[in-house]
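Undergrad: Pasting a structure below so you can have a look.
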Amino acid sequence: MMSHEQIQQCMDSCLQCMVACSICYDACLKENDIGMMRDCIRLDRECADVCELAAKSISQGSPFVREICALCANVCEACGKECGKHMHEHCKRCAEACFACAKACRNMAA
């Protein structure tokens, strides 16, 4: 059974990742090499959406929390890996948030 603190930490991690992905998404659209950023942009958008869903499902006590958090962890890892390929500061911050969220969500899904 997860403690209240662990549950809150996962929800916070999801929300922080959602924001980091949204910032990265917006910043990527302004980069000169936008073609190179295509996968990053796509994953930022999807990751932000899945993180929002995970935070909502946790806060609402959804019976699907484990499955949603497992999915969120997978998407966060993919997004983190993609962002990690880029040197932009927003990508680095996003990758960090993604990997932190993936870890918290793996714990929730366990």
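Going by our numbering, the first residue of the sequence shown is number 1, and it counts up by one from there.
The beta carbon of each residue, even a glycine, is placed where N, CA and C say it ideally should be.
Roughly how many whole angstroms lie between the Cα atoms of I41 and M2?
TA: Approximately 33 Å between the Cα atoms of the pair.
Undergrad: What is the DSSP secondary structure of S3, reduced to helix, strand or coil?
TA: If DSSP states are grouped into helix, strand and coil, S3 belongs with coil.
Undergrad: Restricting to Cα atoms, I'd like to know which of R93, A78, L53 is closest to E67.
TA: Nearest of R93, A78, L53 to E67, Cα basis: L53.
Undergrad: Kindly indicate the opening and closing residues of the alpha helix (DSSP H) around A97.
TA: 89-109
Undergrad: Give the secondary structure of N32 by DSSP, where H, G and I count as helix, E and B as strand, and everything else as coil.
TA: Correct three-state label for N32: coil.
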